[in-house]
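What follows is one structure encoded as C-alpha coordinates, with my remarks underneath.
Numbering (our numbering), first residue to last: 11 to 341.
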(Lines of atoms letter the chains of each structure in order from A and count residues from 1; the text may use other names and numbers.)
(Lines give C-alpha, C1' and ligand atoms only; values in the text may rest on other atoms or scores of the structure.)
Protein backbone atom coordinates (compact mmCIF):
# COMPACT_ATOMS: atom_id res chain seq x y z
CA UNK A 1 0.00 0.00 0.00
CA UNK A 2 1.39 3.39 -1.02
CA UNK A 3 1.91 5.96 1.73
CA UNK A 4 0.49 9.23 0.38
CA UNK A 5 0.74 12.77 1.71
CA UNK A 6 -1.52 15.58 0.46
CA UNK A 7 -0.20 19.06 1.27
CA UNK A 8 -3.17 21.43 1.27
CA UNK A 9 -6.73 20.50 2.17
CA UNK A 10 -8.56 23.15 0.14
CA UNK A 11 -10.97 22.38 -2.67
CA UNK A 12 -8.50 20.61 -4.99
CA UNK A 13 -6.69 18.82 -2.17
CA UNK A 14 -10.02 17.55 -0.87
CA UNK A 15 -10.98 16.40 -4.37
CA UNK A 16 -7.78 14.40 -4.74
CA UNK A 17 -8.28 12.91 -1.27
CA UNK A 18 -11.80 11.81 -2.13
CA UNK A 19 -10.70 10.32 -5.46
CA UNK A 20 -7.69 8.50 -3.98
CA UNK A 21 -10.00 6.90 -1.41
CA UNK A 22 -12.40 5.98 -4.22
CA UNK A 23 -9.52 4.30 -6.07
CA UNK A 24 -8.76 2.15 -3.03
CA UNK A 25 -5.84 4.04 -1.49
CA UNK A 26 -6.11 3.99 2.29
CA UNK A 27 -2.79 5.16 3.74
CA UNK A 28 -3.29 8.91 3.26
CA UNK A 29 -2.34 11.85 5.46
CA UNK A 30 -3.23 15.51 4.84
CA UNK A 31 -1.39 18.67 5.90
CA UNK A 32 -3.82 21.54 6.45
CA UNK A 33 -2.88 24.70 8.36
CA UNK A 34 -6.47 25.89 8.85
CA UNK A 35 -7.62 24.17 12.10
CA UNK A 36 -11.32 24.29 11.26
CA UNK A 37 -10.79 22.83 7.79
CA UNK A 38 -8.39 20.22 9.19
CA UNK A 39 -10.91 19.09 11.78
CA UNK A 40 -13.67 18.82 9.17
CA UNK A 41 -11.51 16.79 6.78
CA UNK A 42 -10.38 14.39 9.50
CA UNK A 43 -13.92 13.70 10.65
CA UNK A 44 -15.48 13.51 7.18
CA UNK A 45 -12.94 11.09 5.71
CA UNK A 46 -11.62 9.36 8.87
CA UNK A 47 -8.00 10.19 8.10
CA UNK A 48 -5.07 11.79 9.93
CA UNK A 49 -4.80 15.53 9.31
CA UNK A 50 -1.81 17.44 10.71
CA UNK A 51 -1.03 21.13 10.87
CA UNK A 52 2.45 21.19 9.33
CA UNK A 53 4.77 19.31 6.99
CA UNK A 54 7.20 18.82 9.87
CA UNK A 55 4.53 17.07 11.90
CA UNK A 56 3.73 14.82 8.95
CA UNK A 57 7.32 13.68 8.30
CA UNK A 58 7.82 13.01 12.01
CA UNK A 59 5.00 10.49 11.85
CA UNK A 60 6.05 8.44 8.79
CA UNK A 61 7.94 8.26 5.50
CA UNK A 62 5.91 8.80 2.33
CA UNK A 63 6.04 7.29 -1.16
CA UNK A 64 3.90 9.87 -2.97
CA UNK A 65 3.23 13.55 -2.33
CA UNK A 66 0.42 15.72 -3.76
CA UNK A 67 1.18 19.46 -3.56
CA UNK A 68 -2.13 21.37 -3.52
CA UNK A 69 -1.08 24.69 -2.01
CA UNK A 70 -0.92 28.18 -3.59
CA UNK A 71 1.67 28.18 -6.37
CA UNK A 72 4.09 30.43 -4.47
CA UNK A 73 4.69 27.50 -2.06
CA UNK A 74 4.91 24.69 -4.63
CA UNK A 75 8.69 24.38 -4.97
CA UNK A 76 9.28 24.85 -1.25
CA UNK A 77 6.76 22.10 -0.51
CA UNK A 78 8.09 19.73 -3.17
CA UNK A 79 11.88 19.86 -3.06
CA UNK A 80 12.63 18.06 0.21
CA UNK A 81 10.26 15.21 -0.66
CA UNK A 82 11.76 14.78 -4.13
CA UNK A 83 15.24 14.65 -2.57
CA UNK A 84 13.94 11.80 -0.39
CA UNK A 85 12.75 9.94 -3.51
CA UNK A 86 9.00 10.59 -3.29
CA UNK A 87 7.00 10.60 -6.51
CA UNK A 88 5.32 13.94 -6.97
CA UNK A 89 2.01 15.40 -8.17
CA UNK A 90 1.87 19.22 -8.23
CA UNK A 91 -1.24 21.17 -9.03
CA UNK A 92 -0.78 23.66 -11.88
CA UNK A 93 1.08 25.85 -12.29
CA UNK A 94 4.41 24.28 -11.33
CA UNK A 95 5.38 27.57 -9.67
CA UNK A 96 4.69 31.30 -9.77
CA UNK A 97 8.14 32.03 -11.24
CA UNK A 98 11.20 30.33 -12.72
CA UNK A 99 13.28 30.72 -9.57
CA UNK A 100 14.28 27.27 -8.30
CA UNK A 101 12.58 25.39 -11.14
CA UNK A 102 15.81 24.18 -12.78
CA UNK A 103 17.04 22.79 -9.46
CA UNK A 104 13.83 20.85 -8.91
CA UNK A 105 13.91 19.48 -12.47
CA UNK A 106 17.54 18.39 -11.97
CA UNK A 107 16.75 16.52 -8.74
CA UNK A 108 13.77 14.83 -10.39
CA UNK A 109 16.03 13.59 -13.20
CA UNK A 110 18.77 12.47 -10.82
CA UNK A 111 16.37 10.54 -8.56
CA UNK A 112 14.26 9.20 -11.46
CA UNK A 113 11.11 10.56 -9.84
CA UNK A 114 7.71 10.13 -11.51
CA UNK A 115 6.13 13.60 -11.67
CA UNK A 116 2.88 15.07 -12.88
CA UNK A 117 1.55 18.60 -13.11
CA UNK A 118 -2.23 18.86 -12.70
CA UNK A 119 -3.84 18.81 -16.15
CA UNK A 120 -7.27 17.32 -15.60
CA UNK A 121 -8.82 18.49 -18.88
CA UNK A 122 -6.52 16.17 -20.83
CA UNK A 123 -8.72 13.40 -19.42
CA UNK A 124 -11.99 15.07 -20.49
CA UNK A 125 -13.60 13.03 -23.29
CA UNK A 126 -14.17 16.00 -25.60
CA UNK A 127 -10.57 17.22 -25.26
CA UNK A 128 -9.43 13.70 -26.10
CA UNK A 129 -11.73 13.75 -29.14
CA UNK A 130 -10.27 17.09 -30.31
CA UNK A 131 -6.74 15.77 -29.84
CA UNK A 132 -7.63 12.66 -31.84
CA UNK A 133 -9.16 14.67 -34.70
CA UNK A 134 -6.16 16.99 -34.85
CA UNK A 135 -3.67 14.12 -34.82
CA UNK A 136 -5.34 12.27 -37.70
CA UNK A 137 -5.45 15.50 -39.71
CA UNK A 138 -9.17 15.74 -40.44
CA UNK A 139 -8.89 19.50 -41.06
CA UNK A 140 -5.49 19.33 -42.73
CA UNK A 141 -2.67 21.57 -41.63
CA UNK A 142 -3.71 23.76 -38.68
CA UNK A 143 -3.20 27.37 -39.74
CA UNK A 144 -4.42 29.12 -36.61
CA UNK A 145 -6.14 28.46 -33.31
CA UNK A 146 -7.73 30.39 -30.51
CA UNK A 147 -9.09 29.75 -27.05
CA UNK A 148 -10.93 31.68 -24.37
CA UNK A 149 -11.43 31.17 -20.66
CA UNK A 150 -13.34 33.78 -18.72
CA UNK A 151 -15.36 33.76 -15.51
CA UNK A 152 -16.17 36.28 -12.79
CA UNK A 153 -13.65 35.61 -10.03
CA UNK A 154 -16.09 35.96 -7.08
CA UNK A 155 -18.22 33.22 -8.67
CA UNK A 156 -15.38 30.66 -8.84
CA UNK A 157 -15.70 29.70 -5.17
CA UNK A 158 -18.81 31.55 -4.00
CA UNK A 159 -18.59 29.93 -0.56
CA UNK A 160 -15.39 31.88 0.25
CA UNK A 161 -14.14 35.48 0.02
CA UNK A 162 -12.46 35.79 -3.38
CA UNK A 163 -10.16 38.53 -2.03
CA UNK A 164 -8.43 36.00 0.24
CA UNK A 165 -7.89 33.35 -2.44
CA UNK A 166 -4.56 32.80 -4.16
CA UNK A 167 -5.94 33.93 -7.55
CA UNK A 168 -6.49 37.45 -6.23
CA UNK A 169 -3.13 37.91 -4.55
CA UNK A 170 0.26 38.50 -6.14
CA UNK A 171 2.10 37.29 -3.04
CA UNK A 172 0.35 33.89 -3.34
CA UNK A 173 1.11 33.50 -7.05
CA UNK A 174 -2.19 34.82 -8.36
CA UNK A 175 -3.23 36.49 -11.60
CA UNK A 176 -5.06 35.27 -14.66
CA UNK A 177 -1.86 34.43 -16.58
CA UNK A 178 -0.79 31.96 -13.89
CA UNK A 179 -4.09 30.14 -14.28
CA UNK A 180 -2.04 28.19 -16.76
CA UNK A 181 -4.49 25.67 -18.24
CA UNK A 182 -4.90 27.35 -21.63
CA UNK A 183 -1.15 27.65 -22.24
CA UNK A 184 -0.76 23.94 -21.49
CA UNK A 185 -3.73 22.72 -23.51
CA UNK A 186 -3.24 24.90 -26.58
CA UNK A 187 0.39 23.82 -26.95
CA UNK A 188 -0.66 20.20 -26.29
CA UNK A 189 -3.28 20.34 -29.03
CA UNK A 190 -0.95 22.00 -31.56
CA UNK A 191 1.89 19.65 -30.66
CA UNK A 192 4.63 22.22 -31.23
CA UNK A 193 6.79 24.57 -29.20
CA UNK A 194 6.11 28.31 -29.16
CA UNK A 195 8.60 30.41 -31.13
CA UNK A 196 7.51 33.89 -30.03
CA UNK A 197 4.61 35.67 -28.36
CA UNK A 198 3.11 39.03 -27.51
CA UNK A 199 0.84 39.78 -24.57
CA UNK A 200 -1.31 42.60 -23.24
CA UNK A 201 -2.50 42.22 -19.64
CA UNK A 202 -3.94 44.54 -17.01
CA UNK A 203 -6.38 44.87 -14.13
CA UNK A 204 -9.40 46.19 -16.01
CA UNK A 205 -12.19 45.63 -13.46
CA UNK A 206 -13.06 46.98 -10.03
CA UNK A 207 -12.32 43.65 -8.37
CA UNK A 208 -10.38 44.03 -5.11
CA UNK A 209 -7.25 42.24 -6.32
CA UNK A 210 -3.62 43.23 -6.91
CA UNK A 211 -3.04 41.13 -10.04
CA UNK A 212 -4.04 41.27 -13.71
CA UNK A 213 -7.63 40.18 -14.38
CA UNK A 214 -7.51 40.30 -18.20
CA UNK A 215 -4.93 39.06 -20.70
CA UNK A 216 -4.70 38.60 -24.46
CA UNK A 217 -1.79 36.57 -25.82
CA UNK A 218 -0.79 35.96 -29.45
CA UNK A 219 1.65 33.12 -30.08
CA UNK A 220 3.49 31.82 -33.12
CA UNK A 221 4.47 28.16 -33.01
CA UNK A 222 7.66 26.72 -34.48
CA UNK A 223 5.67 25.25 -37.38
CA UNK A 224 4.07 28.61 -38.17
CA UNK A 225 0.64 28.13 -36.59
CA UNK A 226 -0.67 31.32 -34.99
CA UNK A 227 -2.53 31.00 -31.70
CA UNK A 228 -4.61 33.38 -29.59
CA UNK A 229 -5.42 33.06 -25.89
CA UNK A 230 -7.95 35.25 -24.07
CA UNK A 231 -8.14 34.99 -20.28
CA UNK A 232 -10.13 36.98 -17.73
CA UNK A 233 -11.63 37.05 -14.24
CA UNK A 234 -14.42 39.41 -15.32
CA UNK A 235 -17.06 37.68 -17.48
CA UNK A 236 -20.37 37.40 -15.64
CA UNK A 237 -21.42 34.59 -17.96
CA UNK A 238 -18.61 32.00 -18.01
CA UNK A 239 -16.99 31.21 -21.34
CA UNK A 240 -14.54 28.47 -22.26
CA UNK A 241 -13.81 27.40 -25.81
CA UNK A 242 -11.22 26.23 -28.32
CA UNK A 243 -11.24 26.65 -32.11
CA UNK A 244 -8.81 25.20 -34.64
CA UNK A 245 -8.78 26.47 -38.22
CA UNK A 246 -7.25 24.12 -40.78
CA UNK A 247 -6.77 24.03 -44.54
CA UNK A 248 -9.89 21.91 -45.03
CA UNK A 249 -12.09 22.61 -42.02
CA UNK A 250 -12.63 23.78 -38.46
CA UNK A 251 -12.82 22.07 -35.06
CA UNK A 252 -14.75 23.82 -32.28
CA UNK A 253 -15.40 23.02 -28.62
CA UNK A 254 -17.51 25.20 -26.37
CA UNK A 255 -18.07 24.29 -22.72
CA UNK A 256 -21.67 25.51 -22.82
CA UNK A 257 -22.51 23.36 -25.87
CA UNK A 258 -20.93 20.21 -24.38
CA UNK A 259 -19.85 18.93 -27.76
CA UNK A 260 -17.08 19.06 -30.33
CA UNK A 261 -18.12 20.32 -33.76
CA UNK A 262 -16.21 19.37 -36.90
CA UNK A 263 -16.96 21.48 -39.97
CA UNK A 264 -15.58 20.74 -43.41
CA UNK A 265 -16.48 21.58 -47.02
CA UNK A 266 -16.60 17.90 -47.95
CA UNK A 267 -18.66 16.40 -45.12
CA UNK A 268 -20.50 19.41 -43.70
CA UNK A 269 -20.97 19.51 -39.93
CA UNK A 270 -20.39 16.55 -37.60
CA UNK A 271 -21.17 16.71 -33.88
CA UNK A 272 -19.44 14.72 -31.14
CA UNK A 273 -21.57 15.27 -28.00
CA UNK A 274 -20.52 14.62 -24.43
CA UNK A 275 -22.26 11.53 -23.12
CA UNK A 276 -25.35 12.12 -21.01
CA UNK A 277 -24.86 12.61 -17.27
CA UNK A 278 -21.07 12.87 -17.57
CA UNK A 279 -19.63 13.77 -14.16
CA UNK A 280 -16.75 16.26 -14.44
CA UNK A 281 -15.11 14.58 -11.45
CA UNK A 282 -14.42 11.60 -13.73
CA UNK A 283 -11.58 13.47 -15.42
CA UNK A 284 -9.94 14.06 -12.04
CA UNK A 285 -10.28 10.36 -11.23
CA UNK A 286 -8.72 9.42 -14.57
CA UNK A 287 -5.93 11.94 -13.97
CA UNK A 288 -4.99 10.36 -10.63
CA UNK A 289 -5.34 6.84 -12.07
CA UNK A 290 -2.90 7.77 -14.83
CA UNK A 291 -0.43 9.12 -12.27
CA UNK A 292 -0.63 6.01 -10.08
CA UNK A 293 -0.30 3.69 -13.09
CA UNK A 294 2.80 5.57 -14.25
CA UNK A 295 4.29 5.15 -10.78
CA UNK A 296 3.61 1.40 -10.85
CA UNK A 297 5.20 1.11 -14.30
CA UNK A 298 7.96 3.70 -13.60
CA UNK A 299 7.16 5.62 -16.77
CA UNK A 300 6.66 9.29 -17.59
CA UNK A 301 3.22 10.86 -17.16
CA UNK A 302 1.52 12.89 -19.89
CA UNK A 303 2.43 16.14 -18.08
CA UNK A 304 5.81 15.65 -16.36
CA UNK A 305 7.89 18.22 -14.50
CA UNK A 306 9.75 19.43 -17.59
CA UNK A 307 6.44 20.11 -19.32
CA UNK A 308 5.34 22.18 -16.33
CA UNK A 309 8.61 24.11 -16.46
CA UNK A 310 8.11 24.91 -20.15
CA UNK A 311 4.63 26.31 -19.42
CA UNK A 312 6.02 28.56 -16.66
CA UNK A 313 8.60 29.85 -19.17
CA UNK A 314 5.74 30.73 -21.55
CA UNK A 315 3.83 32.53 -18.81
CA UNK A 316 6.90 34.47 -17.73
CA UNK A 317 7.52 35.43 -21.36
CA UNK A 318 3.91 36.67 -21.58
CA UNK A 319 4.39 38.76 -18.44
CA UNK A 320 7.64 40.18 -19.82
CA UNK A 321 5.95 41.02 -23.11
CA UNK A 322 3.16 42.88 -21.34
CA UNK A 323 5.56 44.78 -19.07
CA UNK A 324 7.98 45.75 -21.87
CA UNK A 325 5.35 46.15 -24.61
CA UNK A 326 7.33 43.98 -27.01
CA UNK A 327 7.43 40.60 -28.73
CA UNK A 328 9.37 37.96 -26.78
CA UNK A 329 11.21 35.12 -28.51
CA UNK A 330 10.73 31.90 -26.56
CA UNK A 331 12.50 29.26 -28.67
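Glycine residues also receive a C-beta, built at the ideal position from the N, C-alpha and C atoms. Since we're looking at a predicted model, the values are computed, not measured.
Buried versus exposed call for residue i [16 or more other C-beta atoms within 10 Å across all chains shown]
i           : result
residue 290 : exposed
residue 38  : buried
residue 299 : exposed
residue 174 : exposed
residue 314 : buried
residue 223 : buried
residue 45  : exposed
Option in the options with minimal Cα separation from residue i
i           : options            : result
residue 303 : 114, 150, 97       : 97
residue 166 : 246, 26, 145       : 246
residue 281 : 274, 269, 292, 287 : 269
residue 25  : 141, 107, 177, 128 : 128
residue 155 : 279, 66, 134, 197  : 197
residue 124 : 337, 316, 222      : 316
residue 193 : 121, 109, 157, 142 : 157
residue 332 : 211, 79, 77, 292   : 211
residue 108 : 337, 335, 338, 318 : 318
residue 248 : 162, 135, 271      : 162
residue 114 : 242, 90, 65        : 90
residue 326 : 30, 295, 183, 277  : 183
Residues near residue i in its chain [Cβ-Cβ closer than 7 angstroms; skip 5 each side]
i           : result
residue 21  : 167
residue 105 : 81, 84, 85, 111, 322
residue 220 : 179, 180
Neighbourhood of residue i by C-beta, 6 angstroms cutoff - its chain only, sequence neighbours within 5 removed
i           : result
residue 72  : 13, 15, 96
residue 238 : 156, 228
Residue-chain proximity (residue i, chain C), Cβ-Cβ < 8 angstroms
i           : result
residue 213 : Absence of chain C from the displayed structure is noted, only one protein chain being present.
8 angstroms CB neighbourhood of residue i in its chain, flanking five on each side removed
i           : result
residue 62  : 41, 43
residue 117 : 89, 92, 93, 123
Contact between the stretch 49-56 and the stretch 82-97 is defined here as three or more beta-carbon pairs at a separation below 8 angstroms; is this criterion met? no
Under 8 angstroms, with one C-beta from each stretch per pair, do the stretch 252-271 and the stretch 134-153 reach the 3-pair mark? yes
Counting Cβ pairs closer than 8 angstroms, one from the stretch 319-338 and one from the stretch 180-192, do we hit at least three? yes
What are the complete alpha helix (DSSP H) segments, minimum 4 residues, inside the stretch 124-206? 135-146, 163-166, 191-200
Check whether the stretch 223-239 and the stretch 197-210 are in contact - that is, three or more C-beta pairs closer than 8 angstroms. yes
Please give me, in chain order, every unbroken run of the alpha helix (DSSP H) with length at least 4 that falls completely inside the stretch 197-266. none
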